[in-house]
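Remarks on the structure that follows.
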Amino acid sequence: MNWEQIWYGQDWRSRALLPFSWITGWVARRRRKRALERWQSQSSPYPVPIVVVGNLTAGGTGKTPVVGLLAQVAIAQGLRVGIVSRGYGGIASQWPRRVIETSDPAVVGDEPLMLHIQTRAPVVVGVDRPRAVEMLLQTSEVDLVLCDDGLQHYPLWRDFEILVIDGARQFGNQRLLPAGPLRESPDRLNTVDWVLERSATPRDGRFGFQVQAMVLRNLLTQQTLPLHGLNTEPCVNAVAGIGNPEGFFQQLEAAGYRLNRVPLPDHFDYEQSIQNKLVKGPVLLTDKDAVKSGAIGGDDTWVVEAQVDAVKLTQAWIDWCQQCKNTNKSY
Numbered sequence: 002m003n004w005e006q007i008w009y010g011q012d013w014r015s016r017a018l019l020p021f022s023w024i025t026g027w028v029a030r031r032r033r034k035r036a037l038e039r040w041q042s043q044s045s046p047y048p049v050p051i052v053v054v055g056n057l058t059a060g061g062t063g064k065t066p067v068v069g070l071l072a073q074v075a076i077a078q079g080l081r082v083g084i085v086s087r088g089y090g091g092i093a094s095q096w097p098r099r100v101i102e103t104s105d106p107a108v109v110g111d112e113p114l115m116l117h118i119q120t121r122a123p124v125v126v127g128v129d130r131p132r133a134v135e136m137l138l139q140t141s142e143v144d145l146v147l148c149d150d151g152l153q154h155y156p157l158w159r160d161f162e163i164l165v166i167d168g169a170r171q172f173g174n175q176r177l178l179p180a181g182p183l184r185e186s187p188d189r190l191n192t193v194d195w196v197l198e199r200s201a202t203p204r205d206g207r208f209g210f211q212v213q214a215m216v217l218r219n220l221l222t223q224q225t226l227p228l229h230g231l232n233t234e235p236c237v238n239a240v241a242g243i244g245n246p247e248g249f250f251q252q253l254e255a256a257g258y259r260l261n262r263v264p265l266p267d268h269f270d271y272e273q274s275i276q277n278k279l280v281k282g283p284v285l286l287t288d289k290d291a292v293k294s295g296a297i298g299g300d301d302t303w304v305v306e307a308q309v310d311a312v313k314l315t316q317a318w319i320d321w322c323q324q325c326k327n328t329n330k331s332y
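Here it is, written out as structure tokens:
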């Protein structure tokens, strides 16, 4: 079933699924109400701030790159940062679990491994976020915990909530799962501390950011080239197993590439061969795919390394980090 078409287009199947969306809404409201009642009657069980970065929609919004940026900026400000994540796609037999550089992404998940490699921060994965935070605090000295995803994981206490929105797709047809992409009502954006919009021109009251492809890095030799460094090739294979592959493809086309587009499901398992989808030419991968794909294009496999461009967000986060350092804990 093409969920993108149902959620972001005009599709009769969305209306047919509305009764199930009503159930989603009832469950979401009940869970949040119970969490608020619990939080109002207690103080934080943790000695450091817990910052949750999440979204309202199923699918990619740029949330994980934002977590990477926030971690790197906080580390540069002198804070010891830890990260927790669900470990989507992981099949660890025992949760929670520490992520190390040699971890198998099939075990811990692709995004947690990518975050650990990029930031060098300690990362713990687990479906039960409170247990993951407890392991992180027991095994690492940290001043701040960033939770990648988990806005709707209400057993986890949080001191600060950051909501990430895709500026182009917004909330689709505005309906809850499965009739639409929403996990909770759009009203939820009025209750978070910051709203981030992946857009060069964000709406009022939102921080804008963009995830920009910057350089090419050969997966085997580690040679680097500017983003346009291979655009004289007759065709390149653009491979993307992310939430919104179209954004990746558009950035490469803007850099002058002629593409064989290979969109894959988010968190794609590369144990399934995609050789039949490739044509002769270099293979260009996203950061997220590169941690698990291997050199599927041989010595002509390149990672398109991306960077989050968010000037106002970065300055606001620096200010927040300084407040965190000065007060030991920020709310």
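Using my numbering, you'd call the opening residue of the sequence shown number 2 and step up by one each time. A virtual CB, placed ideally from N, CA and C, is assigned to each residue, including glycine.
DSSP, reduced to helix, strand and coil, places Ser141 outside both helices and strands of the structure shown, so it counts as coil.
Less than 8 Å separates the beta-carbon of Pro227 from that of Val216. Contact check for Asp129 against Val54 fails: the beta carbons are separated by 8 Å or more. The DSSP-derived three-state label of Glu135 is helix.
Within its own chain, the residues whose Cβ lies closer than 7 Å to the Cβ of Ala36, once the five positions on either side in sequence are excluded, are Tyr155, listed in chain order.
Note on geometry: alpha-carbon atoms of Ala75 and Ala17 lie some 46 Å from one another.
Asp300 and Arg33 have their C-alpha atoms roughly 50 Å apart.
Collapsing the DSSP output to three states places Cys148 in a strand. Counting C-beta atoms within 10 angstroms of its own C-beta, Arg31 has fewer than 16 neighbours from the protein chains shown and is therefore classed as exposed. Approximately 13 Å separates the beta-carbon atoms of Leu265 and Leu285; this is outside 8 Å, ruling out the contact. Taking 8 Å as the cut-off, the Cβ atoms of Gly69 and Thr103 do not count as close.
In this structure, the CA atom of Ser186 is about 11 Å from the CA atom of Val28. Rounded to whole angstroms, the Cβ separation of Arg189 and Glu198 is 15 Å, and the two are not in contact under 8 Å. Ranked by how close their Cα comes to the Cα of Pro48, the residues Asp194, Arg159 and Ser15 have Arg159 in first place. When C-beta atoms of the region 304-323 are compared with those of the region 264-278, fewer than three pairs fall below 8 Å, so the two segments do not count as touching.
Annotation: Ile243 to Gly79 spans about 32 Å, alpha carbon to alpha carbon. In this structure Phe21 is exposed. Its beta-carbon is surrounded by fewer than 16 other beta-carbon atoms within 10 angstroms. In the three-state scheme derived from DSSP, where H, G and I count as helix and E and B as strand, Ser104 is classed as coil.
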